[in-house]
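Chemist:
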Amino acid sequence: TATQGRLDGFFTMT
Amino acid sequence: MLEARLQTGALLKKVLEAIKELITDANFDCSDNGIALQAMDNSHVALVALLLRHDGFEPYRCDRSLALGVNLVSLSKVLRCAGNDDIITLKADDTADVLSLTFENTDNDRISEYELKLMDIDSEHLGIPDTTYEAVVQMSSAEFARICKDLQVLSDSVQIDVTKEGVKFGAKGELGSGAVTLKQNGNVDKEEEATLIELQQNVSLNFSLKYLVNFTKATPLASRVSLSMSSEVPLLVEYKMEAGYIRYYLAPKIGE
């Protein structure tokens, strides 16, 4: 089964 | 200080309904541009970005940028005290520790005033990069809500396949499987119901239905929704309002 990915890493901290 | 008067107070009620189950506390960032909010859910799977532009309010005044830390459940409880046709005015001082809300009925003979305690929220601000998506589907928001709800009967995830012919939502579970395909039909009479696809490349991605169903709480805000997808990039689900938007980002499920 597929595992749920996370958003961390996709968006940069500003 | 902030002073923002919203002729259609129901809009604010709907906005809160659309975000309060994903995030509990968030900063309303007020500037001369309008009121914005950006927050991730606790599990870092979804992100909500909201913008209510200044031109949606009359009048709108914000002399200095302010971050109003709000418990969204509390705010939505207070907003339930506003009538659907009420005019809602939000006010906060520069040293704000409360958000003042005034609800006026259309006859202007009933005025209610509430104050909501604010909190300090130390939120990390995330930059969302401009992304060129491989596939963008524009469709009826009610249809998207129905498909997500229907497929949730079968599974907790949905596979979305986009080709130039159409978009297919498929789910497989213990009791069986199901799929809904919407063909691209840009020339239908009812523009509101058309499914339009902009495609650079076919896309096939898996997403959690629980989150998608949660996003569809924004359906009352817009008759159309757009789904923007690229491989291994968060899905963008956008509901455009007259003066602003709600955008939801959702990390895909990975590795079948």
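Going down the list, the sequences are from chains A and B.
Add 13 to the 1-based position in the first sequence for the working numbering, that's all there is to it.
Reminder that position 31 of the second sequence reads as 28 in the working numbering, one-by-one numbering, no gaps.
Glycine included, every Cβ here is placed at the ideal spot set by N, Cα and C.
(1) Looking at the structure shown, is B:S109 part of a helix, part of a strand, or coil, going by DSSP?
(2) With B:Y245 as the anchor, note down where its beta strand (DSSP E) starts and where it stops.
(3) Along the segment 30 to 45 of chain B, where does the CB come closer than 8 Å to a CB of chain A? Name the residues.
(4) Please list the terminal residues of the continuous beta strand (DSSP E) segment that includes B:V143.
(5) Helix, strand or coil for B:K74 per DSSP?
(6) If we define contact as Cβ-Cβ less than 8 Å, is B:V230 a contact residue for chain A?
(7) Using the C-alpha atoms, what's the distance from B:C59 back to B:T21?
(8) According to a CB-to-CB cut-off of less than 9 Å, which residues of the segment 117 to 137 of chain B neighbour chain E?
(9) Within 10 angstroms of its Cβ, does B:E229 collect 16 or more other Cβ (buried), or is it exposed?
(10) Taking 8 Å as the CB-CB cut-off, is B:N203 touching chain A?
(11) If the cut-off is 7 Å on Cβ atoms, which residues from the segment 83 to 97 of chain B count as contacting chain A, listed in chain order?
(12) Note the first and the last residue of the continuous beta strand (DSSP E) segment covering B:I157.
(13) Secondary structure at A:T25, three-state DSSP: helix, strand or coil?
(14) What three-state label does DSSP hand B:G53 in the structure shown?
(15) Among residues of its own chain, excluding the 5 on either side of B:A219, which ones have a beta-carbon nearer than 7 Å to its beta-carbon?
(16) Indicate the three-state DSSP secondary structure (helix, strand or coil) for B:L19 in the structure shown.
(17) Cβ atoms of B:F204 and B:K250: under 8 Å apart, would you say?
(18) Using only the heavy atoms of the ligand FMN, determine whether one of them is closer than 7 Å to the beta carbon of B:L247.
(19) According to DSSP, what are the bridge partners of B:E235?
(20) Under the three-state reduction of DSSP, which class applies to B:A215: helix, strand or coil?
(21) For the beta strand (DSSP E) holding B:L65, just list the boundary residues, first then last.
(22) Whole angstroms is fine: what's the gap from B:F141's alpha carbon to B:T92's?
Modeler: Taking the structure as given:
(1) Correct three-state label for B:S109: strand.
(2) Here the beta strand (DSSP E) through B:Y245 covers G241 to L247.
(3) Result list: M37, S40, H41, V42, A43 and L44.
(4) Reading the sequence as shown, one finds Arg at residue 143 of chain B and not Val. No beta strand (DSSP E) contains B:R143, which is instead part of the alpha helix (DSSP H) from S138 to L148.
(5) When secondary structure is reduced to three states using DSSP, B:K74 falls in the helix class.
(6) Chain A places a beta carbon closer than 8 Å to that of B:V230, counting this residue as a contact.
(7) Their Cα atoms are separated by approximately 25 Å.
(8) The structure shown contains no chain E; its protein chains are A and B.
(9) Flag for B:E229 reads exposed.
(10) Cβ-Cβ to chain A under 8 Å: yes for B:N203.
(11) Contact annotation: in the segment 83 to 97 of chain B, no residue has its CB less than 7 Å from a CB in chain A.
(12) Here the beta strand (DSSP E) through B:I157 covers S154 to V159.
(13) Collapsing the DSSP output to three states places A:T25 in a strand.
(14) Note: B:G53 maps to helix in three-state DSSP.
(15) Within the same chain, S138, Y236, K237 and M238 come within 7 Å of B:A219 by CB-CB distance, once the 5 residues on both sides are set aside.
(16) Taken through DSSP and simplified to helix, strand or coil, B:L19 comes out as coil.
(17) Closer than 8 Å, so yes.
(18) Because no ligand of any kind appears in the structure shown, any question about the ligand FMN cannot be addressed here.
(19) Per DSSP, the beta bridge partners of B:E235 are B:S223 and B:R244.
(20) Look at B:A215 here: in three-state DSSP terms it is helix.
(21) That run of the beta strand (DSSP E) goes L63 to N68.
(22) Roughly 42 Å separates the two Cα atoms.
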